[in-house]
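Asker: Chains as they are written, first to last, in the numbering used here: chain A, 1 to 195; chain F, 196 to 390. Don't be surprised by glycine CBs; every beta carbon is placed ideally from N, CA and C. What you are looking at is a predicted structure, and each value in this text was computed from that prediction instead of being measured. I'd like to ask you about the structure that follows.
There are 2 protein chains.
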Amino acid sequence: MPKTKRFRAKVEAVLIATDPRTFVTQRIPQTEIDLAGIPGDRHYGLTRYAGAREPMYPKGAEIRNRRQLSIVSIEECHLIAQSLGLEVVLPEWLGANLLLSGLPNLTLLPCGTRLMFPSGACLICEGENTPCRYPAKVLQKLHPQHPNVLKNFVRVAQKRRGIICSVERSGEICQSDTIQILQEYNTTPLLSSVV
Amino acid sequence: MPKTKRFRAKVEAVLIATDPRTFVTQRIPQTEIDLAGIPGDRHYGLTRYAGAREPMYPKGAEIRNRRQLSIVSIEECHLIAQSLGLEVVLPEWLGANLLLSGLPNLTLLPCGTRLMFPSGACLICEGENTPCRYPAKVLQKLHPQHPNVLKNFVRVAQKRRGIICSVERSGEICQSDTIQILQEYNTTPLLSSVV
Chain A
1 MPKTKRFRAK VEAVLIATDP RTFVTQRIPQ TEIDLAGIPG DRHYGLTRYA
51 GAREPMYPKG AEIRNRRQLS IVSIEECHLI AQSLGLEVVL PEWLGANLLL
101 SGLPNLTLLP CGTRLMFPSG ACLICEGENT PCRYPAKVLQ KLHPQHPNVL
151 KNFVRVAQKR RGIICSVERS GEICQSDTIQ ILQEYNTTPL LSSVV
Chain F
196 MPKTKRFRAK VEAVLIATDP RTFVTQRIPQ TEIDLAGIPG DRHYGLTRYA
246 GAREPMYPKG AEIRNRRQLS IVSIEECHLI AQSLGLEVVL PEWLGANLLL
296 SGLPNLTLLP CGTRLMFPSG ACLICEGENT PCRYPAKVLQ KLHPQHPNVL
346 KNFVRVAQKR RGIICSVERS GEICQSDTIQ ILQEYNTTPL LSSVV
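Structure (structure tokens):
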């Protein structure tokens with residue numbers, strides 16, 4: 001049987017993007033997620049259209065939506081801010097739906113990891129949210145006195161920009177929730193064995 | 196960016212379980228999968244009910260169906276057969292929906308790996324199919340002259356019983372298809388970094 005590592009983290013903020021003109025999110029006290037994500041959020045849906053992140057598909061192909069929610073951590077946002085010389089990088093500017101604390105290397109959580117909420121709701125980690133230039137543009141616009149933000153964001157945000165998730169079980173998610181993180185793993189080294 | 200390893204494998208058989216009395220599958224030449232799995236198969240569905248494999252949920256809770264298809268490999272079935280002293284272990288007896296060849300350590304593929312078909316259909320690996328006693332009972336009944344099959348199956352099938360998958364993109368899957376396997380990975384070691 002695979003073994004399970006268990007971690008805890010705290011939900012510092014729940015956020016939603018309801019303005020169709022921007023991916024920037026806004027804080028809400030709680031929400032009810034269903035199997036398509038956060039109702040009303042711009043990434044809500046059971047399916048979505050393949051884009052630049054899925055070069056293996058024709059552009060516009062309908063695929064299952066594994067990018068329903070994005071999650072960042074206070075600790076990693078702080079590292080990004082430090083690297084850019086900024087005081088703070090807010091989850092809003094990254095379009096994040098959840099801000100966590102207490103799990104420093106959030107971005108390294110492997111695919112398949114469960115994030116379980118007190119309500120019984122559960123998210124599945126679908127992998128690293130690889131940084132792109134859209135948040136870089138927001139950050140640059142907000143910090144004109146730091147001319148290199150746009151140029152440096154993608155590089156310094158590698159392995160720090162959090163994860164994307166899909167919903168495995170519906171339920172409420174709230175600011176101040178303590179969540180359980182269940183990471184299944186095999187003790188067998190994967191890469192060398194598969195090759 | 197995560198890097199991608201690429202493998203190939205051949206689809207030796209496509210199988211379906213349409214008889215509600217048994218999980219044992221039967222070969223079909225091809226089928227059209229959609230985002231809920233193989234239409235007509237006993238594991239078809241966008242959602243399913245949590246059971247013994249999901250001890251983190253109340254029994255019967257509705258969750259997203261990440262166990263739409265199960266896949267085994269000729270090579271690993273051969274290892275199971277050898278360990279049990281049998282001539283062959285057929286994918287039918289394990290309730291598999293696909294039999295592959297050419298990827299010896301199929302069961303070690305990590306969650307999130309893509310299996311892409313010539314039609315454009317794509318499966319997402321949702322992890323190891325941990326062995327249970329149902330196939331052991333089928334195997335034992337078929338081999339009464341080997342009295343230890345029931346006792347030994349779960350142990351010898353560890354890391355050999357294949358994977359479960361969900362559908363990311365609809366399309367046809369056919370016997371004799373050559374599939375592309377795209378395994379994204381981080382060069383950063385995961386477990387030690389998260390702890």
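#1: Where does F:VAL284 fall in DSSP's three states?
#2: Is there a Cβ from chain A that is less than 8 Å from the Cβ of F:GLU323?
#3: Quick one: which chain A residues come within Cβ less than 9 Å of F:LEU377?
#4: Use the C-beta contact count for F:SER265: other C-beta atoms within 10 angstroms, 16 or more gives buried, fewer gives exposed.
#5: Does the beta-carbon of A:ALA136 have 16 or more other beta-carbons within 10 angstroms, so that it is buried, or is it exposed?
#6: Under 8 Å Cβ to Cβ from A:VAL167, same chain only, skipping five residues before and after it: list those, please.
#7: Compute the Euclidean distance between the alpha carbons of F:PRO224 and F:LYS205, then round it to the nearest angstrom.
#8: What is the C-beta distance between F:GLU207 and F:LEU294, in whole angstroms, given that I count them as a contact (C-beta under 8 Å)?
#9: Classify F:ALA247 as buried or exposed, calling it buried when 16 or more other Cβ atoms lie within 10 Å of its own Cβ.
#10: Can you grab the Cα-Cα spacing for the pair F:ASN347 / A:GLN183, in whole Å?
#11: Please confirm if A:LEU35 has its CB atom under 8 Å from at least one CB of chain F.
#12: Does F:ALA316 get closer than 8 Å to chain A when you measure Cβ to Cβ?
#13: Exposed or buried, F:PRO277, counting other C-beta atoms within 10 Å across all chains shown (16 or more means buried)?
#14: Determine, using beta carbons only, whether F:PRO197 and A:GLU87 come nearer to each other than 8 Å.
#15: So, helix, strand or coil for F:GLN375, using DSSP?
#16: What distance in whole Å lies between the Cβ atoms of A:ILE181 and A:ARG66, which are believed to be in contact at a cut-off of 8 Å?
Answerer: With the structure as the only source:
#1: Here residue 284 of chain F refers to the residue found at position 89 of the second sequence. When secondary structure is reduced to three states using DSSP, F:VAL284 falls in the coil class, being assigned neither helix nor strand.
#2: Here the question's residue 323 of chain F lines up with position 128 in the second sequence. Chain A places a beta carbon closer than 8 Å to that of F:GLU323, counting this residue as a contact.
#3: If you number the second sequence from 1, residue 377 of chain F lands on position 182. Here the neighbours are MET56.
#4: Within the second sequence, residue 265 of chain F is the residue found at index 70, counting from 1. By the neighbour-count criterion, in which 16 or more other beta carbons inside 10 Å mark a residue as buried, F:SER265 falls on the buried side.
#5: Indexing the first sequence from 1 puts residue 136 of chain A at position 136. Buried.
#6: What you label residue 167 of chain A is simply residue 167 of the first sequence in a count that begins at 1. Apart from the 5 residues on each side of it in sequence, A:VAL167 sits with its Cβ closer than 8 Å to the Cβ of ILE33, ASP34, LEU35, ALA36, GLY37, GLN68, LEU69, ALA121, CYS122, LEU123 and ILE124 in its chain, given in chain order.
#7: Here residue 224 of chain F is taken as the residue at index 29 of the second sequence, counted from 1. Here residue 205 of chain F is taken as the residue at index 10 of the second sequence, counted from 1. When rounded, the distance between both Cα atoms is 14 Å.
#8: The residue given as residue 207 of chain F occupies position 12 in the second sequence. The residue given as residue 294 of chain F occupies position 99 in the second sequence. So it is a contact: roughly 4 Å between Cβ atoms.
#9: Taking the second sequence and counting its residues from 1, one reaches residue 247 of chain F at position 52. Answer is exposed; the Cβ neighbour count stays below 16.
#10: On the second sequence, residue 347 of chain F is found 152 positions in, with the first residue counted as 1. On the first sequence, residue 183 of chain A is found 183 positions in, with the first residue counted as 1. Here the alpha carbons of A:GLN183 and F:ASN347 stand approximately 28 Å from one another.
#11: Taking the first sequence and counting its residues from 1, the one referred to as residue 35 of chain A is at position 35. Yes, A:LEU35 counts as interfacial toward chain F.
#12: In the second sequence, the residue the question calls residue 316 of chain F occupies position 121. Chain A, which has no Cβ nearer than 8 Å to the Cβ of F:ALA316, makes this no.
#13: Position 82 of the second sequence, counting from 1, holds the residue named residue 277 of chain F. Checking the sequence, you will find Gln at residue 277 of chain F rather than Pro. With fewer than 16 other Cβ atoms within 10 Å, it is exposed.
#14: The residue you call residue 197 of chain F lines up with position 2 of the second sequence. The residue you call residue 87 of chain A lines up with position 87 of the first sequence. No Cβ-Cβ contact shorter than 8 Å links F:PRO197 with A:GLU87.
#15: On the second sequence, residue 375 of chain F is found 180 positions in, with the first residue counted as 1. In the structure shown, F:GLN375 sits in a strand (DSSP, three-state: E or B).
#16: If you number the first sequence from 1, residue 66 of chain A lands on position 66. If you number the first sequence from 1, residue 181 of chain A lands on position 181. So it is not a contact: roughly 18 Å between Cβ atoms.
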